[in-house]
Amino acid sequence: MGQGSAWQSNVEAYHLHLAARCGSVLSSLFIQRSISVGASGALFGLLGAMLSELLTNWTIYTNKAAALITLTVIIVINLAVRILPHIDNFAHIGGFLTGFLLRFVLLLRPQFGWVGRKHLPASAPVTSKHKAYQYLFLVIAMVLLIVGFTVGLVMLFRGENGHDHCSWCHYLSCVPTSKWHCGN
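Be aware that the sequence shown starts at 1, since it is given in full-length UniProt numbering, and climbs by one per residue.
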């Protein structure tokens with residue numbers, strides 16, 4: 001394993017760790033009367049990263065519709081199954097959003113074909129390693145991550161309940177039916 005792939009593995013590990021951590025913060029804001037444990041926030045972080053990777057590198061996929069539909073179906077099924085009672089969907093949503101945004105920050109990739117530039121003659125036209133939209137996504141994602149995590153931690157340390165700021169958010173974790181009640 002080369003030095004670049006070791007660096008990539010470390011970045012991906014931090015990516016998963018941060019997705020799990022942010023999912024836990026969101027979970028703690030909305031589910032305050034029970035303890036939630038598991039790695040599903042990190043796994044949803046992977047799904048979020050996969051979606052942002054697909055959207056960023058849209059042009060290199062040969063069957064774009066199939067890739068998007070497949071990933072969307074996987075995400076929707078996983079979220080839909082988790083509206084059953086006693087499943088912490090807030091950790092999943094927090095992990096997914098964090099993974100989606102972190103992919104733009106931590107895994108910024110050079111544009112397709114740029115790596116082979118070192119073999120081109122010196123007179124070849126110089127192109128940027130990254131496209132302008134990648135820098136734009138990086139800045140927007142960085143701001144959203146910092147603001148979201150900061151606001152979430154401040155609310156958490158103040159002891160605020162997320163449901164006080166979002167009257168419909170309880171439906172993200174449990175949808176009451178005739179078979180079960182959510183206990184909100």
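Even glycine gets a Cβ: it sits at the ideal position worked out from N, Cα and C.
No experiment lies behind these values; they were computed from the predicted model shown.
Three-way DSSP call (helix, strand, coil) for residue i in this model
i      : result
Ser167 : coil
Gln32  : coil
Leu16  : helix
Ala91  : helix
Tyr61  : coil
Ser40  : helix
Thr72  : helix
Asn10  : helix
Val154 : helix
Leu108 : coil
Thr98  : helix
Glu160 : coil
Thr56  : helix
Ile146 : helix
Short Cβ contact (8 Å threshold) for residue i with residue j
i           : j      : result
Ala39       : Ala20  : yes
Val25       : Leu156 : yes
Gly48       : Phe100 : yes
Gly95       : Gly148 : no
Ser27       : Asp88  : yes
residue 187 : Leu71  : The structure shown does not extend to residue 187, since the chain is modelled only from 1 through 184, so no value can be given for it.
Cβ neighbours of residue i in the same chain (closer than 7 Å, five flanking residues each side left out)
i      : result
Ala67  : Leu54 and Tyr61
Leu153 : Val25
Gly159 : none
Close Cβ partners of residue i (< 6 Å) along its chain, the five nearest in sequence each way excluded
i      : result
Gly162 : Leu29 and Phe30
Leu172 : Asn89
Sequence-distant residues of its chain with Cβ nearer than 8 Å to residue i (five each side left out)
i      : result
His17  : Ala42
Val105 : Leu138, Ala141, Met142 and Leu145
Ile74  : Leu47
Asn78  : Phe44, Leu47 and His92
Stretch-stretch touch, CB-based, cutoff 8 Å, three pairs: the stretch 131–149 with the stretch 101–111: yes
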